[in-house]
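Going left to right, the sequence shown walks through residues 326 to 525 as the working numbering numbers them.
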Amino acid sequence: MQKAAPAAAPIHELIRNRWSPRAFNDKLIPAAVLRSLFEAARWAPSSSNEQPWTFIVATRDDQENFDKILGTLVEFNAGWARHSAALAIAVSKLNFEKGNPNRNAFYDTGAASVLLTLEAVGQGLVTHQMAGFDPQKAKEVFGIPDGFEPIAAIAIGYPGDPNSLPDKLRERELAPRTRKPVSDFVMTGHWGHTASFAAQ
Ligand SMILES: Cc1cc2nc3c(=O)[nH]c(=O)nc-3n(C[C@H](O)[C@H](O)[C@H](O)COP(=O)(O)O)c2cc1C
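Printed below as a string of structure tokens:
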């Protein structure tokens with residue numbers, strides 16, 4: 326199933342077609358394709374080119390490690406994400422190599438995750454990012470050292486049939502996609518002043 330964004334101005338097809346479904350097909354992701362997703366993440370921009378991201382990844386056929394990530398998810402997410410082909414946890418390094426705090430570490434990790442997601446869409450895959458997981462548990466289960474923070478979990482897979490979902494999730498899967506208008510968040514000159522090109 327596709328669910329293209331009803332965009333109010335022309336945007337790239339990859340962006341229009343990206344969305345966060347909860348229905349996944351059984352198919353596993355070839356290793357070479359997985360490699361491309363993380364290669365895309367690798368080329369994200371970052372403050373001082375610090376590249377503060379790490380991804381802990383497990384494919385569904387690696388049951389032990391897949392279950393370790395699955396076990397960190399809140400129940401709601403685990404219910405649908407267990408059908409994904411791969412799970413990941415995006416982790417940020419909190420300090421620069423020099424030791425001073427990197428206040429953009431989360432931002433850069435998000436940028437890498439978005440590039441991974443766009444590459445996934447280009448490869449016919451979908452991703453669904455999740456804040457609903459236990460970062461402390463992830464630190465314990467994977468031995469993530471101090472100075473690194475788990476930021477979000479990501480389910481990755483080939484898109485599935487919404488009819489495979491329980492009723493409530495199917496409804497959400499089929500619901501229209503909504504966004505604030507651009508005029509709400511593009512300002513100029515002073516806080517609260519909408520830029521003229523962004524006015525509706
Ligand atoms: C950082 C982040 C955390 C999210 N956490 C969850 C989550 O825990 N569970 C969930 O079902 N969806 C989660 N989502 C998905 C959002 O709900 C979704 O991106 C948003 O509703 C917009 O829909 P779209 O991605 O299909 O455009 C998360 C997305 C992001 C980026």
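The C-beta atom is built at its ideal place from N, Cα and C for all residues, glycine as well.
Can you tell me which of the options puts its alpha carbon nearest to the alpha carbon of residue i?
{"i": "Gly-485", "options": "Asp-492, Val-451, Asp-471, Gly-472", "result": "Val-451"}
{"i": "Glu-338", "options": "Asn-402, Arg-347, Leu-443, Ala-365", "result": "Leu-443"}
{"i": "Thr-434", "options": "Asp-492, Ala-366, Gln-448", "result": "Ala-366"}
{"i": "Lys-462", "options": "Asp-392, Gln-388, Asp-351", "result": "Asp-392"}
{"i": "Asp-492", "options": "Pro-370, Arg-360, Trp-405", "result": "Trp-405"}
{"i": "Ala-480", "options": "Ala-333, Phe-349, Ala-524, Gln-327", "result": "Phe-349"}
{"i": "Phe-363", "options": "Ile-414, Pro-331, Phe-467, Ser-521", "result": "Ile-414"}
{"i": "Arg-407", "options": "Lys-505, His-515, Trp-516, Leu-490", "result": "Leu-490"}
{"i": "Ser-361", "options": "Ser-417, Ser-438, Ala-334", "result": "Ser-438"}
{"i": "Leu-440", "options": "Pro-460, Trp-378, Thr-397, Gly-472", "result": "Trp-378"}
{"i": "Gly-449", "options": "Tyr-483, Ala-332, Pro-346", "result": "Tyr-483"}
{"i": "Ser-417", "options": "Ile-381, Thr-397, Gly-447", "result": "Ile-381"}
{"i": "Val-466", "options": "Met-455, Asn-390, Ala-334, Asp-351", "result": "Asn-390"}
Once the 5 residues before and after residue i are set aside, which same chain residues still bring their CB inside 6 Å of it?
{"i": "His-518", "result": "Met-512"}
{"i": "Ala-329", "result": "Arg-341, Asn-342"}
{"i": "Val-507", "result": "Ala-523"}
State the Cα-Cα distance for the pair residue i and residue j, rounded to the nearest angstrom.
{"i": "Thr-384", "j": "Ala-410", "result": "6 Å"}
{"i": "Leu-395", "j": "Pro-487", "result": "21 Å"}
{"i": "Arg-495", "j": "Pro-501", "result": "12 Å"}
{"i": "Val-286", "j": "Phe-458", "result": "Nothing can be reported for residue 286, as the shown portion of the chain is limited to 326 through 525."}
{"i": "Gly-468", "j": "Pro-475", "result": "11 Å"}
{"i": "Ala-445", "j": "Arg-428", "result": "28 Å"}
{"i": "His-453", "j": "Asn-402", "result": "10 Å"}
{"i": "Thr-503", "j": "Lys-423", "result": "42 Å"}
{"i": "Phe-561", "j": "Gln-327", "result": "Here the chain has residues from 326 to 525 only, and residue 561 is not among them."}
{"i": "Ala-369", "j": "Leu-359", "result": "16 Å"}
Apart from the five residues just before and just after residue i, which ones in its own chain have a Cβ nearer than 7 Å to its Cβ?
{"i": "Leu-353", "result": "Thr-384, Arg-385, Asp-386, Ala-410"}
{"i": "Pro-426", "result": "Leu-419, Asn-420"}
{"i": "Leu-499", "result": "Pro-487"}
{"i": "Lys-464", "result": "Pro-475"}
Taking 8 Å as the limit between beta carbons, can you name the residues of its chain near residue i, skipping five residues before and five after?
{"i": "Ala-357", "result": "none"}
{"i": "Pro-470", "result": "none"}
{"i": "Ala-436", "result": "Ala-369, Pro-370, Ser-371"}
With respect to the alpha helix (DSSP H) encompassing residue i, which residues constitute its N-terminal and C-terminal limits?
{"i": "Val-358", "result": "356 to 367"}
{"i": "Ile-394", "result": "388 to 395"}
{"i": "Ala-330", "result": "That residue, Ala-330, is in no alpha helix (DSSP H); it is neither H nor E in DSSP."}
Residue i lies in the beta strand (DSSP E); which residues open and close that run?
{"i": "Ser-417", "result": "411 to 418"}
{"i": "Glu-474", "result": "473 to 482"}
{"i": "Phe-380", "result": "378 to 384"}
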